[in-house]
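J.:
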């Protein structure tokens, strides 16, 4: 064992004993972490990554048990320690940060108290000293006003701040190793970017080692030095990050990288891995991946491959793969992580916007406010009634056959907008025209019939299907209700046809929702939406809750269905890579307003709304390298109850000028199909200002260029197209 | 089990498992089944007519002819207890029926619509909730007069309040589920949404509450008939029997104790059954690994 090695795990076995047998969550896991090294653990849900992380600190509760192996930390085997001994290691030497920041803190104590408590426990410190140390820690993790924040409670922190406070808690005793268990999953992309930057800083300053568990390959590329790919409780490939990303040598790794939207051309079918992860109780003999592997041979069924080091003609690459065919397979018809994702070949030509075609969905000045929770009538009397400005004066059009994506971070109002458009919420003002008919004004009985034309696919596959009804009933009921089928038999036949169309089996018709996996449930949701044969479907984050390979399959299904049935989609998402892949046009939302809208290639190249620029630069890319995530918005997202005056983004905008807080910008339209709501593109406003629009656009190009995977930027720089000619630009009031 | 195809690991399977590991719950289940069995079948096998006087000596202690002894009118207590079981079964089910119909309807409507409707229903419930159920029953009886049927109505309404509260709570949590929104999105009718989408998912809360109401109902009716406000003698409700036997408790304790124990047994059995059901159906309680 090396001097440099901090943690050495040998043949770790963690099993969970349940009725049916033993779930082999960790099956002979071996790896090492050096000082100052960050190793990423990737793989799909159920692969065993979290269990591995927790096993290190012996945090496995019954019915789980670590039944074999060694975990050697600084010369001692952690598995041989008593509970007391390992308590000294926990927090002090090895710290773990969990995903759910909202339940990790005790709501009854202030954050500062909780952190300083831990410090006092581990070191013999006076309260005052511990307090000062905590405040410094809060400062180190970039929490603003740490002295005041010491005294506040966890629920008073925003999600991103809480996550940082959790990191502070983990750092409080100066550990040498941090295990981060999916800490960036489920948080906004800009917050994620800030946390990743923070971790990179800390890595440098404190020579920290990290075991970073995640399923997001982009995040791994940002922050890890080495990567271990896990599948069905085993590590199937491990190596330096450049090797794994540019030179993967295991079919599963290839499959994972291939399912990512970034690695396919726009609107092209995504590669996906057929099948599902095997049962961890009765693991198949031989290689656990062979049932899903396109390269599998008979030999693969005979013995389970060990991790073998790949030796090249130069020196040892420290790259290991558990595949017996590693030297036989031609790995190079694989991953190009730099594919041109802007190829316009299969994208819809957005010139239709210049013609006089009527939009299928016409939304005009739509407003939806909610009452904030906990507003008593006393408050209302004294302070005036406050509202959550979820959707504020939104205007947009969607044309037949296109896919318009709605992006924005959590809380911006995109789900509300989607639901208000489909009249699941009653709007407070504004109109929605569907194929010319005003559905906001329709009577209830009319509305019921009109609903056939527009449907919704919901985000959460677990709660969007009634657990007490069979699949057949769930999908068949809307058909029956709208008179599409007459007899029970007809209904069943129609449902069976639909099930096959979405990739399920006819026999699934009598099963209940809980018998299906997440991806299958989502397919049932899609079938339900299609049951009434709508023209327009609002897809509310349909793939956000799914693993990357399942996501690929569902996206492919949606794209196929769109072609076959000439569907129009409003696709709500926060994952910009998915959006880049499937959209024709994009609308960017911030605090209830649409700040930029236009064809996808216009959105991805300057001129951008400053918020769009920040969103794009926050996406972790698959390119390896030391890139600082630039231009992150300052501060936290303001509350939608009290949105900032003037331009709502001005509090966090790097280009903010004095007028931004006074006046709300009007929509500036460039080229008739691209509009931006920002003062800096308003000719009238920018007269005589120090920065000209060209300068700003040049700045934007510079800032985002190294981050974005999108080649259209560099190609745009070579032509004159992306920088609008001041003479061409029409300053119209646009769609306002 | 029982020829039903219950999938291992399914919710029902887990619930059955948890329930069968809970000793009190099993006691409750078996006790309740015994009670129901006796109530239904017992009257066919009573050794004596429960209302005939003089079938034995007055106040005779338990013996082989009279298993629970006789009361002050020479009636066989054992037969009377069995007849009383039948009556209490009827009482329990009637009260539960009224409570469920009224309470579930109120709770569903309140939970589904919220707003003003919810406000009105909730305020009504809260006002009535202030009064103990027996006091409420007393008030109703005072207005409507005595008699078993009046008491059943009164108790039914009193417990409907509790059922409404529970149902509303369950409705509030189910209402947030996306499948309800999905039903709305294709224009489902309101009645269908409430009865076929929401209610089946609320059944566990309703069933548990119904079981507990059954237990309360037996006890409450016994108290009321003890006070002479319910059925009149010679109808052998357990409460009347306890009340009448009180006078003789020094010399013939079995007259009071027999019906008393019957009440205790029935109420406990149903209470444990209800609590056991609640724990078994609660996804957060754990099954003990074998």
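Protein chains in written order, with my numbering: chain Y, 1 to 736; chain D, 737 to 1026.
Built from N, CA and C at the ideal position, the CB exists for glycine as well.
Remember, predicted model here, so these are calculated numbers, not experimental data.
Note down, one range per segment and in chain order, each alpha helix (DSSP H) of at least 4 residues found wholly within the segment 489-546 of chain Y.
T.: 518-530
J.: Name, in chain order, the residues that DSSP records as bridge partners for residue 961 (chain D).
T.: Beta bridge pairing from DSSP links residue 961 (chain D) with no other residue.
J.: Measuring only between beta-carbons, confirm whether residue 1014 (chain D) sits less than 8 Å from chain Y.
T.: no
J.: Thinking C-alpha only, which one of Y:698, Y:443, Y:675, Y:384 is nearest residue 923 (chain D)?
T.: Y:443 is the residue among Y:698, Y:443, Y:675, Y:384 whose C-alpha sits nearest the C-alpha of residue 923 (chain D).
J.: Does any CB atom of chain D fall closer than 8 Å to the CB of residue 520 (chain Y)?
T.: Not one chain D Cβ lies under 8 Å of residue 520 (chain Y).
J.: For chain Y, is any of its Cβ atoms less than 8 Å away from the one on residue 922 (chain D)?
T.: Nearest CB-CB separation between residue 922 (chain D) and chain Y: below the 8 Å threshold.
J.: Taking residue 410 (chain Y) and residue 574 (chain Y) to be in contact with their CB atoms under 8 Å, please state how far apart those CB atoms are, rounded to whole angstroms.
T.: 7 Å
J.: What residue range does the beta strand (DSSP E) around residue 10 (chain Y) cover?
T.: 5-18
J.: Note down the Cα distance separating residue 1001 (chain D) from residue 991 (chain D), rounded to an integer number of angstroms.
T.: Put simply, the backbone Cα of residue 1001 (chain D) is about 16 Å away from that of residue 991 (chain D).
J.: Measuring only the C-alpha atoms, how far is residue 578 (chain Y) from residue 261 (chain Y)?
T.: Straight-line Cα distance between these residues: approximately 6 Å.
J.: Can you list, in chain order, the residues of its chain whose CB lies under 6 Å from that of residue 1016 (chain D), leaving out five sequence neighbours each side?
T.: 751, 754, 755
J.: Who are the Cβ neighbours of residue 947 (chain D) in its own chain at under 7 Å, not counting the five residues just before and after it?
T.: Within the same chain, and ignoring the five residues on either side of residue 947 (chain D) in sequence, the residues whose Cβ sits closer than 7 Å to its Cβ are 1006, 1009, 1010, 1013.
J.: In chain Y, which residues lie with their C-beta within 7 Å of the C-beta of residue 926 (chain D)?
T.: Here the premise fails: no neighbours, minimum Cβ distance about 10 Å.
J.: Are residue 184 (chain Y) and residue 167 (chain Y) close, meaning C-beta to C-beta below 8 Å?
T.: No.
J.: I need the boundaries of the beta strand (DSSP E) containing residue 739 (chain Y), first residue and last residue.
T.: Past the edges of chain Y, shown from 1 to 736, lies residue 739 (chain Y), and the structure says nothing about it.
J.: At 4 residues or longer, what runs of the alpha helix (DSSP H) sit wholly inside the segment 41-124 of chain Y?
T.: 49-56, 83-89, 101-104, 111-122
J.: Between residue 424 (chain Y) and residue 439 (chain Y), how many whole angstroms is the CB-CB distance? I'm expecting something under 8 Å.
T.: Their Cβ separation, rounded to whole angstroms, is 12 Å, which puts residue 424 (chain Y) and residue 439 (chain Y) out of contact at 8 Å.
J.: Of all the CB atoms in chain D, is at least one closer than 8 Å to the CB of residue 458 (chain Y)?
T.: With 8 Å as the cut-off, residue 458 (chain Y) counts as an interface residue toward chain D.
J.: Interface residues of chain D around residue 451 (chain Y) at Cβ under 8 Å?
T.: 921, 922, 923
J.: With distance defined between alpha-carbon atoms, name the residue in D:1018, D:972, D:981, D:977 nearest to residue 823 (chain D).
T.: D:972
J.: Which residues, taken in chain order from the segment 594-623 of chain Y, show a beta carbon closer than 7 Å to some beta carbon of chain D?
T.: none
J.: Please confirm if the segment 388-404 of chain Y is in contact with the segment 565-573 of chain Y, defined as three or more CB-CB distances below 8 Å between the two stretches.
T.: Under the 8 Å Cβ criterion, the segment 388-404 of chain Y counts as touching the segment 565-573 of chain Y, having at least three qualifying pairs.
J.: Could you please give the first and the last residue of the uninterrupted beta strand (DSSP E) stretch that includes residue 163 (chain Y)?
T.: Careful: residue 163 (chain Y) lies outside any beta strand (DSSP E), inside the alpha helix (DSSP H) at 159-171.
J.: DSSP state of residue 975 (chain D), grouped into three classes?
T.: helix
J.: Of all the options D:838, D:965, D:879, D:878, which has the alpha carbon lying nearest to the alpha carbon of residue 904 (chain D)?
T.: The shortest C-alpha to C-alpha distance from residue 904 (chain D) to any of D:838, D:965, D:879, D:878 is the one to D:838.
J.: Indicate the three-state DSSP secondary structure (helix, strand or coil) for residue 21 (chain Y) in the structure shown.
T.: strand
J.: Given that a residue counts as buried once 16 or more other Cβ atoms are within 10 Å of its Cβ, and exposed if not, what is residue 895 (chain D)?
T.: buried
J.: Residue 933 (chain D) versus chain Y: which residues are under 9 Å apart at the beta carbon?
T.: 466, 468, 469
J.: Comparing the C-beta of residue 134 (chain Y) with each C-beta of chain D, is any distance below 8 Å?
T.: Not one chain D Cβ lies under 8 Å of residue 134 (chain Y).
J.: Kindly indicate which three-state DSSP category residue 479 (chain Y) falls into: helix, strand or coil?
T.: helix
J.: Considering only C-alpha positions, which residue in the set D:918, D:888, D:931 is nearest to residue 847 (chain D)?
T.: D:931
J.: Mind listing the chain D neighbours of residue 542 (chain Y)? Cutoff is C-beta to C-beta under 7 Å, in chain order.
T.: The contacting residues do not exist; residue 542 (chain Y) stays about 12 Å from chain D at best.
J.: Beta carbon of residue 467 (chain Y), beta carbon of residue 514 (chain Y): below 8 Å?
T.: yes
J.: Beta-carbon within less than 8 Å of residue 506 (chain Y)'s beta-carbon, same chain only, minus the 5 sequence neighbours each way: which residues are those?
T.: 496, 499, 500
J.: What's the C-alpha gap between residue 63 (chain Y) and residue 79 (chain Y)?
T.: Straight-line Cα distance between these residues: approximately 17 Å.
J.: Count the other C-beta atoms from every protein chain shown that fall within 10 angstroms of the C-beta of residue 345 (chain Y), then say buried if there are 16 or more, exposed otherwise.
T.: In this predicted model, residue 345 (chain Y) has a pLDDT of only 40, less than 50, meaning its place in the structure is not dependable enough to derive any value.
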